[in-house]
Amino acid sequence: MNMQTSQTRSRAGLAAALRVSISRLSRRMRAQRDHSLSATQIAALGAVSRHGALTPGELAEHEKVQPPSMTRVISMLEEKGLLTRSPHPTDRRQVILSLTEQGEKLLKEERRRKEAWLAQRLAELTPEERAILRQAAPILERLSMV
């Protein structure tokens, strides 16, 4: 019983430390974004980039938001020339959302900016610390899967 309590505390301590560290890193990464768009708008563009053409409902589902909220996001992205709507091939009531060339460029620049910032931070670490992070990356990816 004592061993189990010790392990639980250890897991709880690790969970707390990871939560704080990952939250800070995420906040710093978000600070590198293009501030002409909201985080929600960038996330929506990223979802369309990752998943390909989507209906507004599918996009809302991927982003875990209500369809009316996503409708506003889509409209703003369309107004900015970052997304286009086209007729659904089999359902006349639906539209398909796709990234425009401008939307793809914006996302590429977002990723480049964040990766450059992170690469600079990684350069400040020791080779041993970078090796540990290289090993941890797939584990963190596995933790992020829902």
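Heads up: the sequence shown runs through residues 172 to 317, numbered per my numbering. Ideal Cβ positions, reconstructed from N, Cα and C, are used throughout, including at glycine. Treat the numbers as computed from the prediction; the structure is a model and nothing was measured.
On the three-state DSSP scale, how would you describe residue 219?
helix
Cβ neighbour criterion (16 or more within 10 Å) applied to residue 241
buried
Quick one: what does DSSP say residue 309 is sitting in, helix, strand or coil?
For residue 309, the secondary structure class from DSSP, reduced to helix, strand or coil, is helix.
Determine the contact status of residue 293 and residue 283, defining contact as a CB-CB distance below 7 Å.
No. Outside cutoff.
Can you name the residues that DSSP bridges to residue 257?
When DSSP reads this structure, residue 257 sits in a beta bridge with 267.
Please state whether the Cβ-Cβ distance between residue 285 and residue 212 is less than 7 Å.
no
Decide if residue 187 is buried, meaning its Cβ has at least 16 other Cβ atoms within 10 Å, or exposed.
exposed
Given this structure, state the Cα-to-Cα distance separating residue 248 from residue 191, to the nearest angstrom.
One C-alpha to the other measures close to 32 Å.
Take the Cβ of residue 303 as the centre, count every other Cβ of all protein chains shown within 10 Å, and call the residue buried at 16 or more, exposed below.
exposed
Whole alpha helix (DSSP H) runs in the segment 196-248 with 4 or more residues, listed along the chain?
210-222 and 227-234
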